[in-house]
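J.: The sequence shown lines up with residues 1 to 183 when you count with UniProt numbering.
By construction, the Cβ of each residue, glycine as well, lies at the ideal position given by its N, Cα and C atoms.
Nothing here was measured: the structure is a model prediction, and the numbers come from that model.
Can you read through this structure? Questions will come right after.
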Amino acid sequence: MLLAWRMWGHIILFSLLALPVALLTAYLIGRQRASSGIRHPFRTPLADALSVTGTLPWLWMILTPGNVREPARSLSLTPFRDLATLAEGFTGTLIAQVGGNLLVFATLGAMLPIRSPALARLSRVAAVAAGSSLIVESLQYALGLHRVSSIDDILLNTTGAVLAAIMTMRWWAQPIPEGTVPR
Numbered sequence: 001m002l003l004a005w006r007m008w009g010h011i012i013l014f015s016l017l018a019l020p021v022a023l024l025t026a027y028l029i030g031r032q033r034a035s036s037g038i039r040h041p042f043r044t045p046l047a048d049a050l051s052v053t054g055t056l057p058w059l060w061m062i063l064t065p066g067n068v069r070e071p072a073r074s075l076s077l078t079p080f081r082d083l084a085t086l087a088e089g090f091t092g093t094l095i096a097q098v099g100g101n102l103l104v105f106a107t108l109g110a111m112l113p114i115r116s117p118a119l120a121r122l123s124r125v126a127a128v129a130a131g132s133s134l135i136v137e138s139l140q141y142a143l144g145l146h147r148v149s150s151i152d153d154i155l156l157n158t159t160g161a162v163l164a165a166i167m168t169m170r171w172w173a174q175p176i177p178e179g180t181v182p183r
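In structure tokens:
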């Protein structure tokens, strides 16, 4: 635990400080939208604030250079190979890797369908998460961050986003009826 704090403590502190600022900003934007008569004025700013503050810290961690004793670039394109290798090792590492990868885009997956009716489908959440994860894994490889760019990470990131979206289905944005909004 101490090692994790040394490695990621600054990111955790930044996140804890950024969250109230983001929520206050969302509240102020929501109040302004409410005074304009917008229905559900806090939905979009709150979803945006939570998406950003819940996703950026994970991206910061992922795009931080890894162990310089490892190769600068490593690619794993066989599905579930990395997970099988992790399962053979220390259970704590497996839990941290799987849990962390499930959480990377979880907040984004939970908030996208709340924010926008156009994204209120599991297939669209999965597409956004998979595309975003592919970009992150490609950046890790292109930047030579001494990390493994793995298909397993993309699968876990996408799964985490979809599971989080399922948990928020109750609050998903509904399509706007035709003709109710001026074009």
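Compute the distance between the beta-carbons of G30 and P20, then report whether it is under 8 Å.
T.: Locating residue 30 in the sequence shown gives position 30, where the first residue counts as 1. Locating residue 20 in the sequence shown gives position 20, where the first residue counts as 1. Result no, Cβ atoms of G30 and P20 do not sit closer than 8 Å.
J.: Consult DSSP for R170 and reduce its assignment to one of helix, strand or coil.
T.: Start at 1 with the first residue of the sequence shown, and residue 170 comes out as number 170. It is helical.
J.: Going straight from the alpha carbon of A110 to that of F90, what length do you get?
T.: Here residue 110 is taken as the residue at index 110 of the sequence shown, counted from 1. Here residue 90 is taken as the residue at index 90 of the sequence shown, counted from 1. The alpha-carbon atoms of A110 and F90 are separated by roughly 30 Å.
J.: Once you ignore the five residues that flank R73 on each side, which residues in its own chain have a CB closer than 6 Å to its CB?
T.: For the purposes of this step, residue 73 is identified with residue 73 of the sequence shown, where counting begins at 1. So the list reads Y141, G144, once near-sequence residues are dropped.
J.: The alpha helix (DSSP H) with S36 in it runs from where to where?
T.: Within the sequence shown, residue 36 is the residue found at index 36, counting from 1. First-last for S36: undefined, no H or E at that position.
J.: Provide the residue span of the beta strand (DSSP E) that contains V52, from first to last.
T.: By one-based count along the sequence shown, residue 52 stands at place 52. Note, V52: premise wrong, no beta strand (DSSP E); alpha helix (DSSP H) at 43 to 62.
J.: Start and end of the alpha helix (DSSP H) containing V128?
T.: Translated into positions along the sequence shown, residue 128 becomes position 128. Where V128 is concerned, the enclosing alpha helix (DSSP H) stretches over 122 to 142.
J.: Can you look up S15 in the DSSP assignment and give me helix, strand or coil?
T.: Translated into the one-based positions of the sequence shown, residue 15 becomes position 15. In this structure, DSSP gives S15 a helical state, which the three-state scheme calls helix.
J.: Do you know offhand how far S15's Cα is from L122's?
T.: Here the question's residue 15 lines up with position 15 in the sequence shown. Here the question's residue 122 lines up with position 122 in the sequence shown. Rounded to whole angstroms, S15 to L122 spans 27 Å at the Cα level.
J.: State the DSSP-derived secondary structure class of P75, mapped to helix, strand or coil.
T.: As a first step, residue 75 is located in the sequence shown; it is residue number 75 there, counting from the start. The amino acid at residue 75 is misidentified as Pro; the sequence shows Leu. Three-state result, L75: strand.
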